[in-house]
Each structure stands twice: as structure tokens, then as C-alpha cells.
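Using this note's numbering, read the sequence shown as starting at 25 and increasing by one per residue. Beneath this line is the structure, given in C-alpha cells, with notes to follow.
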Amino acid sequence: MNTQYSQKVLDHFMHPRNLGILELADVKATEGSPACGDQVSLYLKVNPKTMVIEDISFQSYGCASNIATASIITEMAKGKTLDEAEKITWKESADALGGLPAVKMHCSVLAVDTLKSAIKKYKIEHHLIEKEKFSKDLILKELRSVVYPNVGEDIVSLKMVKYLSFDKGVVTIDLDVPSFDPMRDNIAEEVREHLGKFPEIKDIKLTM
Ligand code: FES
Numbered sequence: 025m026n027t028q029y030s031q032k033v034l035d036h037f038m039h040p041r042n043l044g045i046l047e048l049a050d051v052k053a054t055e056g057s058p059a060c061g062d063q064v065s066l067y068l069k070v071n072p073k074t075m076v077i078e079d080i081s082f083q084s085y086g087c088a089s090n091i092a093t094a095s096i097i098t099e100m101a102k103g104k105t106l107d108e109a110e111k112i113t114w115k116e117s118a119d120a121l122g123g124l125p126a127v128k129m130h131c132s133v134l135a136v137d138t139l140k141s142a143i144k145k146y147k148i149e150h151h152l153i154e155k156e157k158f159s160k161d162l163i164l165k166e167l168r169s170v171v172y173p174n175v176g177e178d179i180v181s182l183k184m185v186k187y188l189s190f191d192k193g194v195v196t197i198d199l200d201v202p203s204f205d206p207m208r209d210n211i212a213e214e215v216r217e218h219l220g221k222f223p224e225i226k227d228i229k230l231t232m
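Here's what the structure looks like:
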């Protein structure tokens with residue numbers, strides 16, 4: 025096993041908590057990682073009066089980091105209200121695991137994104153929120169899931185997105201990434217893959 029992993033990661037990988045299908049779940053969400061093609065499903069049982077997540081489970085078809093993150097996220101989310109649980113960040117989950125190698129950050133992003141989409145799905149299905157219209161804001165939100173591996177933060181927070189527009193199906197993005205940065209191609213590929221899942225986007229014009 026890779027020694028870059030903390031004891032906590034290894035523990036959650038070898039002994040995942042809340043693993044499997046939750047038969048009485050109110051909602052299930054599945055997300056795939058654009059970076060590696062792996063998938064995670066999360067199941068939630070929610071108290072309709074208190075909005076507390078009373079039970080939660082996961083299935084992962086991902087790597088050790090993903091299994092460990094999904095596992096710890098179920099522990100972090102259980103007992104929280106939907107509003108509290110959707111504030112859990114991938115950084116908090118990675119920190120709770122004692123850190124993850126930089127190239128594995130997208131694995132924790134996948135687990136946290138799946139939790140967020142399960143919560144959103146529940147809220148939409150129970151008419152607590154309305155389905156978001158596709159917009160530039162949604163694109164920006166998605167770009168917050170693209171992690172710059174060297175520092176483990178997303179490219180929006182790092183102010184790497186200099187320009188963004190969406191017009192007639194075409195997204196135009198200008199990223200601030202130095203030409204000598206070894207992560208350049210990796211970031212461009214992740215941006216394309218993240219945005220590629222939206223049928224509303226017909227073309228991506230990316231400059232750096
Ligand atoms: Fe795919 Fe980690 S490499 S989830």
C-alpha cells in the first residue's frame with residue numbers, strides 16, 4: 025500500500041463505515057469523476073420534520089482515497105441537518121482523514137459532490153428548493169470542483185479563472201496558469217471534463 029496514505033485513510037479504506045445500499049433511503053445520488061471515470065453513490069434517510077440525516081450509506085467504484093472519503097463523509101453527515109451537511113467541504117473531509125496526496129484530491133471532491141447532489145435532489149423532490157436554471161453561475165459552481173493539485177484548492181478560489189462567459193451554448197474561459205506550470209494540461213483536461221457533462225454546453229473555448 026502507498027505510504028503516502030495516512031493511518032486514517034487506510035483504516036477507512038480497509039474498514040469502510042456505512043457501506044452498501046440503504047434499503048429505506050429517501051434519496052440516492054450517483055456521481056462520476058470526470059478525472060478518472062470512477063463512481064460513487066450515496067443514500068440518505070432524512071427525517072422530514074427535522075431535516076436531520078438519520079441514516080446514510082455509500083457504494084464506491086473508486087480508489088482507496090475515494091472509499092475512505094466517502095466513508096468518513098457518511099460519519100460527518102450523519103446526525104446533521106441537510107443544511108449543515110451540505111456545508112461540508114472536500115477540504116474538511118480530506119483534513120479529517122489526516123490529508124490526502126495532491127493527485128488524489130479529486131477523489132475526495134467526488135465524494136463530497138455526491139453528498140451535495142443527494143441533498144439537492146432531496147430538496148428538489150420535496151419542493152424545498154427549485155431546480156436551478158442553467159447559467160454562468162452554475163458553470164462557476166462546477167469550476168469550484170476543479171482542484172489545482174499543487175495546493176489542494178479549487179481554481180475559482182485561487183482566482184485562476186480570469187474570464188468566463190456563456191452564450192448560445194458556448195463557454196469561453198480564460199485561465200491564469202503560467203506556461204511553465206506542469207499541471208497546465210491536467211487542469212485544462214479537468215475543466216473540459218467537468219463542463220462536458222452539461223448538455224447545455226455545445227462548445228468550450230479555453231485559453232490560458
Ligand atoms: Fe478515481 Fe480516486 S482515482 S476516485
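In this text, a Cβ means the ideal position worked out from N, Cα and C, and glycines have one as well. Predicted, not measured: the structure shown is a model, and the values here were computed from it.
Residue i - DSSP class collapsed to helix/strand/coil
{"i": "residue 37", "result": "helix"}
{"i": "residue 74", "result": "coil"}
{"i": "residue 31", "result": "helix"}
{"i": "residue 228", "result": "strand"}
{"i": "residue 95", "result": "helix"}
{"i": "residue 79", "result": "strand"}
{"i": "residue 49", "result": "coil"}
{"i": "residue 119", "result": "helix"}
{"i": "residue 56", "result": "strand"}
{"i": "residue 177", "result": "strand"}
{"i": "residue 113", "result": "coil"}
{"i": "residue 159", "result": "coil"}
Cβ-Cβ separation, residue j to residue i (assumed contact under 8 Å), whole Å
{"i": "residue 162", "j": "residue 154", "result": "Wrong, their Cβ atoms sit about 13 Å apart, outside the cutoff."}
{"i": "residue 63", "j": "residue 85", "result": "5 Å"}
{"i": "residue 55", "j": "residue 141", "result": "6 Å"}
Cβ neighbours of residue i in the same chain (closer than 6 Å, five flanking residues each side left out)
{"i": "residue 114", "result": "132, 133, 136"}
{"i": "residue 189", "result": "196"}
{"i": "residue 182", "result": "172"}
Close-in-space but distant-in-sequence residues of the same chain around residue i (CB under 7 Å, 5 per side omitted)
{"i": "residue 25", "result": "Its pLDDT being 47, under 50, residue 25 is placed unreliably in this model, and the value from its coordinates should be taken loosely. Correct list, in chain order: 34."}
{"i": "residue 219", "result": "163, 166, 195, 225, 228"}
{"i": "residue 32", "result": "121, 122"}
Test item: CB-CB of residue i and residue j under 8 Å
{"i": "residue 101", "j": "residue 139", "result": "yes"}
{"i": "residue 180", "j": "residue 199", "result": "no"}
{"i": "residue 143", "j": "residue 88", "result": "no"}
{"i": "residue 145", "j": "residue 51", "result": "yes"}
Contact set for residue i: own chain, Cβ-Cβ below 8 Å, skip 5 residues either direction
{"i": "residue 80", "result": "42, 46, 66, 67, 68, 69, 98, 101, 102"}
### Task
May I ask you to verify whether the region 87-94 touches the region 115-132, counting CB pairs closer than 8 Å and requiring at least 3?
yes
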